[in-house]
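Engineer: Heads up: the sequence shown runs through residues 1 to 393, numbered per the working numbering. The beta-carbon is built from N, C-alpha and C at its ideal position, and this holds for glycine as well. Got a structure for you, questions after.
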Amino acid sequence: MNVPLLDLKAQYAAIKTEVEAAIAEVLESQHFILGPKVEQCEKAIAAYSKCSHAIGFSSGSDALLACLMAEGIGPGDEVVTTPYSFFATAGAIARLGATPVFVDIDPATYNIDASQIRSRITDKTRAIIPVHLYGQMADMDAVMRVADQHGLVVIEDAAQAIGAEYKGRRAGSIGHYGCLSFFPSKNLGAAGDAGMVVTNEAQRAEKLRCLRSHGSKPKYYHKIVGGNFRLDALQAAVISAKLPHLDGWTTARQRNAKRYDQLLGEAGLPVSLPAVVTDRHIFNQYVIRVSERDQLQAHLKRNGVGTEVYYPVPLHLQECFAYLGYTAGSFHESERAAKETLALPVYPELTDAQAQFVVGCICEFLGIDPPRPAASFQAVSALAGAQSQAALE
């Protein structure tokens, strides 16, 4: 059996007519840069994220960069963030000449350990970038409390967390800025690179709109230096066409995660399962921990199961950040997670049989008999599947 890490072809097959119609509208209009399709997408994402404003960007990476630029962050400044994230988080800081200051993660959630942030703040600290990793939000009450006490800007890196919730509030809506990514593999993916910033502050939103178009307002008149960070209409059209399906896809991902929890739990495997500690985990990834991670990944690959390691080298140990002076052992939990975590297929279209096969392969590797789905689980699974299908439609 073949079980890919992600099956975008299956997703596209179900919504092909809608996506192609949306793209055709843009092609007929010949309006490709910003314009009505982008504005429509921005309004929809703002509403979905429960924010007042949304500003489209060329990628999630550029969204992070623009937020830092909007705050005038540069040489001599420090920005606190996590070393266990995609490179763009720290890369945006470094590109502006500022210094990334890392804080270790909570080993249960893989998000920044907010209790350690205060100890890393200096008179040079300007901002905090908490990353909502794998689809679950960081401890935002604790983050905002420290930020407010020290007058710091908070930029939520919500690239993996659109629709996730913390105490009833959506990802991106709590900090001063929230950065979203629509990279194709995300829960809401474009047909290429695309991103968005959400905020509840009109003045900050207006500055971002200026920055994304070379700092011009009006056109050809430049008060500040920005960049070419604009979201194009084709990507906006694809995102808008997919957005009505997002909650259904999220429900299916959550169902798949629960199915793994039960199957892996019943098997009694020596693996750690995801800890859900917030209102709404959207499972951009379903990540387990196992001591023999690399060997297990190789075994799954031989059996046709796609997996991925997010992330094999923590940011503080990347060669380009050697100048920061960190060494192996600087952030124990991040380094341990980098050696032990493995993402399993959790995409919406994953079937019961595929999930059972994945768990069976893990059991085989560990020398444990695979579990048989309990009748009660099959009944719940069937009901959840019907609900997910209704939501998908």
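Could you spell out where the beta strand (DSSP E) holding glutamate 78 opens and where it closes?
Structural biologist: Translated into positions along the sequence shown, residue 78 becomes position 78. Start and end: 78-81.
Engineer: Applying the 10 Å Cβ sphere with the 16-neighbour rule, what's the burial state of valine 146?
Structural biologist: Counting from one through the sequence shown, the residue named residue 146 turns up at place 146. With 16 or more other Cβ atoms within 10 Å, it is buried.
Engineer: For alanine 394, which residues of its own chain have a beta-carbon under 8 angstroms away from its beta-carbon, when the five flanking residues on both sides are left out?
Structural biologist: In this structure the chain extends from 1 to 393, so residue 394 is not present and cannot be described.
Engineer: For leucine 68, I'd like the list of residues in its chain whose CB is within less than 8 angstroms of its CB, leaving aside the five on either flank, ordered along the chain.
Structural biologist: Translated into the one-based positions of the sequence shown, residue 68 becomes position 68. Only Val79, Ala92, Ile93, Leu96, Ala98, Ala127 and Ile155 meet the Cβ criterion.
Engineer: Alpha carbon to alpha carbon, how far is arginine 120 from histidine 214?
Structural biologist: Position 120 of the sequence shown, counting from 1, holds the residue named residue 120. Position 214 of the sequence shown, counting from 1, holds the residue named residue 214. Approximately 34 angstroms between the Cα atoms of the pair.
Engineer: Should arginine 302 be labelled buried (16 or more other beta-carbon atoms within 10 Å of its own) or exposed?
Structural biologist: As a position in the sequence shown, residue 302 is number 302, starting the count at 1. Exposed is the call here.
Engineer: Based on the DSSP output, what are the partners of histidine 299 in its beta bridges?
Structural biologist: Position 299 of the sequence shown, counted from the start, is the residue given in the question as residue 299. BP columns for histidine 299 are empty, so no partner.
Engineer: For glycine 195, name the three-state secondary structure that DSSP assigns.
Structural biologist: Start at 1 with the first residue of the sequence shown, and residue 195 comes out as number 195. Looking at glycine 195 - three-state DSSP - the assignment turns out to be strand.
Engineer: Excluding the 5 residues preceding and the 5 following threonine 394 in the sequence, name in chain order all residues of the same chain whose CB lies nearer than 7 angstroms to its CB.
Structural biologist: A question about residue 394 goes unanswered here, because the residues of the chain that appear run from 1 up to 393.
Engineer: Quick one: grab the DSSP three-state call for isoleucine 224.
Structural biologist: Here residue 224 refers to the residue found at position 224 of the sequence shown. Looking at isoleucine 224 - three-state DSSP - the assignment turns out to be coil, as it is neither helix nor strand.
Engineer: Counting only runs that start and end within the region 207-256, where is the beta strand (DSSP E) found for 3 or more residues in a row?
Structural biologist: Those beta strand (DSSP E) runs which fall completely within the region 207-256 and span 3+ residues do not exist here.
Engineer: Proline 100 bridges to which residues according to DSSP?
Structural biologist: On the sequence shown, residue 100 is found 100 positions in, with the first residue counted as 1. Val79.
Engineer: Could you check the C-alpha separation between glutamate 18 and cysteine 210 for me, to the nearest Å?
Structural biologist: Here residue 18 corresponds to residue number 18 of the sequence shown, with the count starting at 1. Here residue 210 corresponds to residue number 210 of the sequence shown, with the count starting at 1. Approximately 32 angstroms between the Cα atoms of the pair.
Engineer: Can you tell which of Tyr310, Arg255 and Ala47 has its C-alpha closest to the C-alpha of threonine 199?
Structural biologist: Stepping through the sequence shown from its first residue, residue 199 is reached at position 199. Closest option to threonine 199, Cα to Cα, is Ala47.
Engineer: Starting from aspartate 157 and walking both ways along the beta strand (DSSP E), at which residues does that stretch end?
Structural biologist: Counting from 1 along the sequence shown, the entry for residue 157 is found at position 157. Taken as a continuous stretch (DSSP letters only), the beta strand (DSSP E) holding aspartate 157 covers 153-157.
Engineer: Just to confirm the assignment, what range does the beta strand (DSSP E) spanning histidine 53 have?
Structural biologist: Position 53 of the sequence shown, counting from 1, holds the residue named residue 53. It spans 53-57 - the beta strand (DSSP E) in which histidine 53 sits, taken as one unbroken run.
Engineer: Under 8 angstroms: do the region 277-292 and the region 339-354 share three or more Cβ pairs, one atom per stretch?
Structural biologist: Touching, per the Cβ criterion.
Engineer: Three Cβ pairs or more, each shorter than 8 angstroms: is that satisfied between the region 214-228 and the region 262-270?
Structural biologist: No: the two stretches stay apart, fewer than three of their Cβ pairs being nearer than 8 angstroms.
Engineer: Since phenylalanine 57 contacts glycine 172 with CB under 8 angstroms, what's their CB separation in whole angstroms?
Structural biologist: Looking up residue 57 in the sequence shown gives position 57. Looking up residue 172 in the sequence shown gives position 172. The pair is not a contact, with the Cβ atoms about 13 angstroms apart (cut-off 8 angstroms).
Engineer: Apply the 10 Å Cβ neighbour rule to serine 376 and answer buried if 16 or more other Cβ atoms are within range, or exposed otherwise.
Structural biologist: Working through the sequence shown from its first residue, we reach residue 376 at position 376. No answer about serine 376 holds up, because its pLDDT of 39 lies below 50 and its placement is not dependable.
Engineer: List the endpoints of the continuous alpha helix (DSSP H) containing alanine 92.
Structural biologist: Walking along the sequence shown from the start, residue 92 turns up at place 92. Unbroken alpha helix (DSSP H) run through alanine 92: 88-95.
Engineer: Would you kindly report the start and end of the unbroken alpha helix (DSSP H) that includes valine 359?
Structural biologist: Position 359 of the sequence shown, counted from the start, is the residue given in the question as residue 359. Here the alpha helix (DSSP H) through valine 359 covers 352-366.
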